[in-house]
Amino acid sequence: MNEKEAAIVELIRRNPYLSQQEMAESLGISRPALANLISGLMRRGIIRGRAYILAEENRVVAIGGANVDRKFHLKASAQAGTSNPSTVSSSVGGVARNVAENIGRLGHPVSLLTVAGNDADWQRIEQATAPHVELSHAALLPGRTTGSYSAVLNPDGEMAIALADMDVYDDLSPDYIDAHAPVIQGAALAVIDLNCPKETVSHVQELSRQSGTELAVVPVSSPKMDRMPDDLDGITWLICNRDETETFTGIPVEDESSWKEAVRFLLKKGVQNAVVTAGAKGVMAGNADGIRHFPAISEVRVEDVTGAGDAFVSGLLHGHLSGLGFDEKIRCGLVNAAKTLASDATVRPELSAQQLKSEMEELR
Numbered sequence: 159m160n161e162k163e164a165a166i167v168e169l170i171r172r173n174p175y176l177s178q179q180e181m182a183e184s185l186g187i188s189r190p191a192l193a194n195l196i197s198g199l200m201r202r203g204i205i206r207g208r209a210y211i212l213a214e215e216n217r218v219v220a221i222g223g224a225n226v227d228r229k230f231h232l233k234a235s236a237q238a239g240t241s242n243p244s245t246v247s248s249s250v251g252g253v254a255r256n257v258a259e260n261i262g263r264l265g266h267p268v269s270l271l272t273v274a275g276n277d278a279d280w281q282r283i284e285q286a287t288a289p290h291v292e293l294s295h296a297a298l299l300p301g302r303t304t305g306s307y308s309a310v311l312n313p314d315g316e317m318a319i320a321l322a323d324m325d326v327y328d329d330l331s332p333d334y335i336d337a338h339a340p341v342i343q344g345a346a347l348a349v350i351d352l353n354c355p356k357e358t359v360s361h362v363q364e365l366s367r368q369s370g371t372e373l374a375v376v377p378v379s380s381p382k383m384d385r386m387p388d389d390l391d392g393i394t395w396l397i398c399n400r401d402e403t404e405t406f407t408g409i410p411v412e413d414e415s416s417w418k419e420a421v422r423f424l425l426k427k428g429v430q431n432a433v434v435t436a437g438a439k440g441v442m443a444g445n446a447d448g449i450r451h452f453p454a455i456s457e458v459r460v461e462d463v464t465g466a467g468d469a470f471v472s473g474l475l476h477g478h479l480s481g482l483g484f485d486e487k488i489r490c491g492l493v494n495a496a497k498t499l500a501s502d503a504t505v506r507p508e509l510s511a512q513q514l515k516s517e518m519e520e521l522r
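Taken in order, the sequence shown gives residues 159 to 522; the numbers are from our numbering.
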């Protein structure tokens with residue numbers, strides 16, 4: 159055992175009922191880092207049983223993609239059929255991973271269920287994510303490569319085209335979910351992205367329904383909307399952009415009336431809270447109490463659109479987990495998205511619950 163592991167064992171020996179948060183604070187490390195160390199001790203048989211872990215309020219599990227994102231920043235508008243001068247940057251990403259890191263930075267205990275290759279890209283993801291997210295349930299698959307996403311951005315930061323290598327997520331199967339079912343059943347909230355196969359999304363939906371775990375579904379692109387369950391009953395939050403909504407509902411979202419009609423369609427299908435985003439035009443959101451428009455926050459300079467949608471989802475769910483009213487939940491998402499747009503990071507490093515609270519006051 160190393161020094162940190164020995165200290166964990168001593169803490170548990172003194173009090174097997176310490177929570178992970180109490181142990182993390184005592185050792186001066188993050189809760190996700192502690193969870194990863196504990197998982198290693200359990201695999202080696204040094205710790206047996208889980209009496210020391212108390213139920214933690216507002217635990218979240220995110221299920222889906224964890225990628226390496228590569229961004230090609232064009233120096234001039236894209237021209238087809240020729241070489242385009244650009245600069246290149248890369249970072250870790252993936253919708254489920256991005257949401258998990260945002261939520262972890264906002265102070266909620268969060269685990270990530272994902273699959274990846276046992277390669278350098280996964281090592282990079284692990285290094286960046288582990289301080290904020292518990293990763294012990296991730297499956298590293300021989301012969302597979304970790305998911306990757308490449309975006310070509312125009313000089314104004316808007317996306318020209320994006321390319322995705324996501325074949326590894328075919329292995330996010332119902333069998334994998336069954337192996338980790340207690341993680342989902344013990345969570346307050348599960349968040350699943352549509353990198354997962356349709357049968358997996360439906361399986362998580364049923365597990366959540368049976369255990370009383372709230373469920374948020376986050377699409378990743380219009381082509382993957384065919385992975386939505388046929389029955390939307392039991393989905394607490396469905397958060398789509400306009401293109402994804404049009405693909406799923408068949409309703410062209412051209413004005414406020416059709417925008418509301420699309421939200422109404424999702425609610426009638428069984429979703430408890432439906433949200434349709436439209437970039438600079440804001441958000442249309444509703445539930446049984448009604449449907450209303452929320453304008454986007456415009457007083458920010460757009461640096462990079464990558465990650466803004468995931469930041470919106472995360473801010474909204476943070477507001478939900480914090481017990482805020484419906485309008486304030488949406489504002490949490492809008493503010494986090496706006497501040498992420500102004501950052502060149504997919505998940506902004508300064509994010510915390512207190513930081514977001516201050517920003518909501520600043521932009522009120």
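Cβ atoms here follow ideal geometry from the backbone N, Cα and C, with glycine treated the same way.
If the criterion is Cβ atoms closer than 8 Å, does the pair residue i and residue j meet it?
i: N353; j: V378; result: yes
i: V218; j: V268; result: yes
i: L298; j: L514; result: no
i: S472; j: N494; result: yes
i: L390; j: K439; result: no
i: G301; j: D323; result: no
i: V463; j: E259; result: no
i: G275; j: R255; result: no
i: K382; j: L311; result: no
i: H476; j: I261; result: yes
i: T403; j: V441; result: no
i: G467; j: N399; result: yes
i: V273; j: L192; result: no
i: T303; j: D336; result: no
If you draw a straight line from the C-alpha of residue i to the C-alpha of residue j, how long is it?
i: S510; j: T240; result: 43 Å
i: T394; j: M159; result: 43 Å
i: A436; j: K162; result: 47 Å
i: G370; j: Q179; result: 24 Å
i: R208; j: H266; result: Because the pLDDT at R208 is just 48, under 50, the model does not fix this residue reliably, and the point stays unresolved.
i: H231; j: N431; result: 36 Å
i: M386; j: H361; result: 11 Å
i: L144; j: A469; result: Residue 144 cannot be examined here, being either before or after the span of the chain that is shown, 159 to 522.
i: S308; j: L176; result: 43 Å
i: D502; j: S294; result: 29 Å
i: R506; j: T498; result: 6 Å
Would you decide whether residue i is buried or exposed? Buried here means 16 or more other CB atoms lie within 10 Å of its CB.
i: V534; result: The requested residue 534 is not part of the displayed model; the chain covers only 159 to 522.
i: A345; result: buried
i: E508; result: exposed
i: P410; result: exposed
i: S456; result: exposed
i: T245; result: exposed
i: Q363; result: buried
i: A164; result: exposed
(request) Give, in chain order, every unbroken run of the alpha helix (DSSP H) that is at least 4 residues long and sits entirely within the segment 428–511. (result) 466–479, 484–499
(message) For the segment 285–300 against the segment 229–237, do three or more pairs of beta-carbon atoms, one drawn from each stretch, fall closer than 8 Å, so that the two count as touching?
(response) Look at the beta carbons and you see the segment 285–300 not touching the segment 229–237: under three pairs across the two are nearer than 8 Å.
(request) Starting from the N-terminal side, write out each stretch of the alpha helix (DSSP H) that is 4 residues or longer and does not extend beyond the segment 335–376. (result) Segments of the alpha helix (DSSP H) lying fully in the segment 335–376: 339–343, 356–369.
(request) Scan the segment 257–282 and note each continuous beta strand (DSSP E) run of 3 residues or more that stays entirely inside, going in chain order. (result) 268–271, 273–275
(message) To test your reading of the DSSP string, which unbroken beta strand (DSSP E) runs of 3 or more residues are found completely within the segment 386–418?
(response) 395–399
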